[in-house]
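S.K.: Quick one: the structure is below, and I'll ask about it shortly.
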Amino acid sequence: MPTQRAKRRAAEGEHLGLHLRRQRAEAERLRADRAERQSRPSTLTEYIDNCHRQLDVNVTAESDKSLTSKGSTTRTILGRLHSTFPADERAFESLSFLLGLRQRLAGRKIANERDLEYFQHTIVEDPVSRIVNILRGNAATKRQFNLANGVVFDNHPNALSDGAEEPMERRAAYDPNQLRADQVCVYRHDEADPTQRTLAFVVEYKPPHKLTLPHLRLGLREMDIQEEVVNTATVPTDPAALFQYHADRIVAAAVAQTYHYMILAGLKYGYFATGEAFVFLKIDWAHPGHLLFHLAEPRLEVDAHPENSTHCTAVSQVLAFTLLALTSSPRGQDARHQAMEQLEQWQEDYEAILRRIPVTERKQTPPPSAFEPRTYRNFDRSPYNFRRRASAVTCRPTSQDSARDESPEHPSRRPRRQVQQHAQPSPSDHRRGAPGSVQLRQYCTQRCLLGLVNGGPLDDGCPNVLLHQESRPGRTHHPVDSSRWLHLLQDQLAQSLDKDVVKLGKQGARGVAFQVTLAAYGYTVIAKGTVPKFVDNLVHEGTIYKILKPLQGAGVPVFLGAISLKRPYEYDHHVRVVHMLLLSWAGTPISTSQPDLTELLGAIHRLGVIHGDVRTPNIFWCSETSRPMLIDFEGATLAPPQPLMKKARSPAQLTHELRGHRRSQSAGNNRQLQQIVLNGRAAPNGSWRRTRCGFLSRSASQAWRHVSPWLSATKADNPAT
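Set out below in structure tokens:
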């Protein structure tokens, strides 16, 4: 018997051991499966869902007791997205990555604009931009949403904007519309040239302890802001009415601020975020006084729509909004100006309104209606299934779908300044002004513009000579003089900044380039525009060009004068061009071969000008003259004109003309730049050494003993010399 019991116990033990081993193996398999699922790339749906569950729901707001107390945008857009992008493609960041990111965010709260910007960029904007960059790898999706080279959420101001470091230092009494810490510009990079970009929409941040959900729920409603907010002088005493009064003013100021920037930039779309809610905005440019809105509370919407929770998340809604905005292009300058002329201004500051609310009223308990979230529970949040209708994807809904889009919250036309709730935005948009849609004209020749400036004859070789002749081939002289030409162009630009003005997308330290055509006579030139802070720089550059008049048309562009615009050209967010320098076209940018600038710089120096910034971006090749041209003299300095003959000087006396040359240039370009003249002296081949100031000539070959061929050649071509 003991033996049998022992055998039985041994068998039971072996069975138990086998069971435990199986359990451990199963647990190990489950752990391995879980690790594999967490580490593998995610599908689009998984990624959006994980961003919400691992990141968004774990962000909390810091409570500041002194400041706190209808249809979906995503449906049609996400339906189009699912119809083009494979649902099972694993191309997005893994769950393991997001878990690690959640650990890094743990313990942080939204206490100010900087915190809100950080969280929004980390948990919403960065995922959206990553998704778009992956979507553009799919040809059908890229075409469907005009993704070009992707999008970027950029909070770094344009170098010419009021928010840039140097303009801020030089700011005086100008309009304080700089790019602040609570603003972001969203750009689409151009397909043909990734360095060029187009503004798609703007984003602003409003911390949740300043702009609360109760304020948004009560204050964001259909209204005439002018009549119901601006012109309301009586402050109610009833607690509920008082809370509504403050909610109306706070929300109206927040909306008006974003709306103002949208109008200036010619944008159809924009939004502001609090960390708890998003307010998506759309301007009806047929009636720019109409502003449509949609309030989204992603966390509460996810809970209200469990069957379609992924499409209610913050990432999903901002992604849909981004794709929608990419189908539009900024309106022209004239449309913006017309809108600004029609709209009335409200001289109220959002922060000032907050500060004027007494502390006791800030702590006031909101009325019960303010606690009712807008979750759109009665609306279908599932994306349209475009695949089942046709094999070819189309952006245009059928009549049946159009009928399904209609809802009680779909806005209708209202009087001017109406703020309306936006339920279901149209998936299509007029795309005028898209990059690459404007055909550039041919520029007038150097000889043509020299004749205009100096009272000389027309150039038969100018591609626009027939326009100058007004279809009279026998005409030999210009139809107007340079003074009249400048006056006509200024009048033309006062009438329109869209017609015969092409934004070239080229920007330097002090200006941006345009192609401008005088429509009356067909003169086509370059306009270098700048902002108020740098007008003095362009005035100085104009003075330099006058000094260099003997070289105009041969070594430097022909200077045709300067004009101050009667109304600014809104070039970029907070980049308002107000002054233009008018020049001949310098030619094409140099490529790999650096031209010999010895003679040109020598001629410039003998006229008493030191360029100071001889770099590849400032050197062009003019095929008309078969010579290089130097541009951008806004930083040039003046020195006494040098004699045609002079003795050799020591290296210590030479100016460092190449000080601004980029160290990143190739060694080949550096060797070719050895030919550049320093202070009227030519450096022989192989006689340069690198210093911390740039390049310095070791010795001089010989003194100048002849007049520069640049001057002699220019005299032959220029009737004024």
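Numbering follows full-length UniProt numbering, with no gaps: position 595 of the sequence shown is 595. Just so it is clear, CB atoms sit at the ideal spot from N, CA and C, and this is done for glycine as well. Computed from a prediction, not measured in an experiment: that's the story for all the values here.
Count the CB pairs spanning the stretch 88 to 96 and the stretch 280 to 297 that are closer than 8 Å, and state whether there are at least three.
M.R.: Taking 8 Å as the limit for Cβ pairs, the verdict is that the stretch 280 to 297 does not touch the stretch 88 to 96.
S.K.: Can you tell me where the alpha helix (DSSP H) holding Q333 begins and where it ends?
M.R.: On the sequence shown, residue 333 is found 333 positions in, with the first residue counted as 1. It spans 333 to 342 - the alpha helix (DSSP H) in which Q333 sits, taken as one unbroken run.
S.K.: Any idea which residues DSSP pairs E570 with across the strands?
M.R.: For the purposes of this step, residue 570 is taken as the residue at position 570 of the sequence shown. DSSP lists R576 as partners of E570.
S.K.: Taking one C-beta from the stretch 305 to 324 and one from the stretch 358 to 371 each time, how about it: are there three or more such pairs within less than 8 Å?
M.R.: No, the stretch 305 to 324 is not in contact with the stretch 358 to 371.
S.K.: What's the call for residue 799, buried or exposed, on a 16-neighbour Cβ count within 10 Å?
M.R.: This structure gives no information on residue 799, because the portion of the chain shown stretches from 1 to 721.
S.K.: Apart from the five residues on each side of it in sequence, which residues of its chain come closer than 7 Å, Cβ to Cβ, to R690?
M.R.: Walking along the sequence shown from the start, residue 690 turns up at place 690. Caution applies to R690, whose pLDDT of 29 falls short of 50 and renders its modelled position unreliable; the model cannot decide the point.
S.K.: Taking 6 Å as the cut-off, is the CB of R615 close to at least one heavy atom of the ligand COA?
M.R.: As for the ligand COA, it is missing from this structure, which has no ligand bound.
S.K.: In chain order, what residues of the same chain lie with their CB nearer than 6 Å to the CB of Y261, ignoring the 5 residues before and after it?
M.R.: As a first step, residue 261 is located in the sequence shown; it is residue number 261 there, counting from the start. The answer, listed in chain order, is V202.
S.K.: Using the C-alpha atoms, what's the distance from S129 back to N146?
M.R.: Against the sequence shown, residue 146 aligns to sequence position 146. Against the sequence shown, residue 129 aligns to sequence position 129. Cα to Cα, N146 sits roughly 14 Å from S129.
S.K.: Could you work out which residue in E46, D632, E113, A256 is closest to N537 when comparing CA atoms only?
M.R.: Here residue 537 is taken as the residue at index 537 of the sequence shown, counted from 1. Among E46, D632, E113, A256, the Cα nearest to that of N537 belongs to D632.
S.K.: Counting only the same chain and skipping the five closest in sequence on each side, list residues whose C-beta sits under 7 Å from that of A11.
M.R.: Indexing the sequence shown from 1 puts residue 11 at position 11. There are no such residues.
S.K.: In this structure, how does DSSP classify A652 when only helix, strand and coil are distinguished?
M.R.: Against the sequence shown, residue 652 aligns to sequence position 652. Low per-residue confidence applies at A652: pLDDT is 38, beneath 50, and the placement is therefore not dependable enough to give any value.
S.K.: Go ahead and pull the three-state DSSP assignment for R362.
M.R.: For this step, residue 362 is matched to residue 362 along the sequence shown. Three-state DSSP puts R362 in a helix.
S.K.: According to the neighbour-count rule (16 or more other Cβ atoms, all chains shown, within 10 Å of its Cβ), is V525 buried or exposed?
M.R.: For the purposes of this step, residue 525 is taken as the residue at position 525 of the sequence shown. Per the 10 Å Cβ criterion, buried.
S.K.: Pull the bridge partners of R197 from the DSSP assignment, please.
M.R.: Numbered from its first residue, the sequence shown carries residue 197 at position 197. DSSP lists H189 as partners of R197.
S.K.: With DSSP run on the structure shown, which of helix, strand or coil describes residue 792?
M.R.: In the structure displayed, the chain extends from 1 to 721; residue 792 sits before or after that span and is not available.
S.K.: DSSP state of P397, grouped into three classes?
M.R.: Along the sequence shown, read from residue 1 onward, the residue named residue 397 stands at position 397. Its pLDDT being 35, under 50, P397 is placed unreliably by the model, and nothing is read from it.
S.K.: By Cβ distance below 6 Å, which residues in the same chain neighbour Q183 in space, the five residues on each side in sequence not counted?
M.R.: For the purposes of this step, residue 183 is taken as residue 183 along the sequence shown, with counting starting at 1. Only E204 meet the Cβ criterion.
S.K.: Would you please state the rounded distance, in angstroms, between the beta carbons of L488 and A520? I believe it to be under 8 Å.
M.R.: Numbered from its first residue, the sequence shown carries residue 488 at position 488. Numbered from its first residue, the sequence shown carries residue 520 at position 520. L488 to A520, Cβ: 6 Å. Contact.
S.K.: Starting from C51 and walking both ways along the alpha helix (DSSP H), at which residues does that stretch end?
M.R.: Along the sequence shown, one-based indexing puts residue 51 at 51. Element bounds for C51: 44 to 54.
S.K.: Considering just the uninterrupted stretch of the beta strand (DSSP E) at L220, what are its terminal residues?
M.R.: Residue numbering aside, residue 220 sits at position 220 when the sequence shown is read from its first letter. Careful: L220 lies outside any beta strand (DSSP E) and carries neither H nor E.
S.K.: For S369, count neighbouring Cβ atoms within 10 angstroms of its own Cβ and tell me buried if that reaches 16, exposed if not.
M.R.: Residue mapping note: residue 369 aligns to position 369 of the sequence shown, counting from 1. That one is exposed.
S.K.: Would you check if the distance between the CB atom of L565 and the CB atom of V578 is smaller than 7 Å?
M.R.: Locating residue 565 in the sequence shown gives position 565, counting from the first residue. Locating residue 578 in the sequence shown gives position 578, counting from the first residue. Yes, the Cβ-Cβ distance between L565 and V578 is below 7 Å.
S.K.: Whose C-alpha, out of Q317, D248, L267, L326, is nearest the C-alpha of I353?
M.R.: As a working mapping, residue 353 is identified with position 353 in the sequence shown. When only C-alpha atoms are compared, the closest one is D248.
S.K.: For S623, which of helix, strand or coil comes out of DSSP?
M.R.: For the purposes of this step, residue 623 is taken as the residue at position 623 of the sequence shown. Looking at S623 - three-state DSSP - the assignment turns out to be coil, as it is neither helix nor strand.
S.K.: Of the choices W346, E351, I263, whose alpha-carbon is the least far from that of P330?
M.R.: Indexing the sequence shown from 1 puts residue 330 at position 330. With distances taken between Cα atoms, P330 lies closest to I263.
S.K.: Identify, in the order they occur along the chain, each residue of the same chain with its Cβ nearer than 7 Å to the Cβ of I544, setting aside the five sequence neighbours on each side.
M.R.: Position 544 of the sequence shown, counted from the start, is the residue given in the question as residue 544. Taken in chain order, the residues that qualify are V609, F633, A636.
S.K.: Using DSSP's beta-bridge definition, name the partner residues of H294.
M.R.: Within the sequence shown, the letter at position 294 stands for residue 294. Looking at the DSSP assignment, H294 forms a beta bridge with F280.
S.K.: Let me know if T258 comes out buried or exposed under the rule of 16 or more other beta-carbons within 10 Å of its beta-carbon.
M.R.: Position 258 of the sequence shown, counted from the first residue, corresponds to residue 258. Result: buried.
S.K.: Going by alpha carbons, who is nearest to R475 out of N378, L160, G456?
M.R.: Residue numbering aside, residue 475 sits at position 475 when the sequence shown is read from its first letter. Residue G456 is the option with its Cα nearest to R475.
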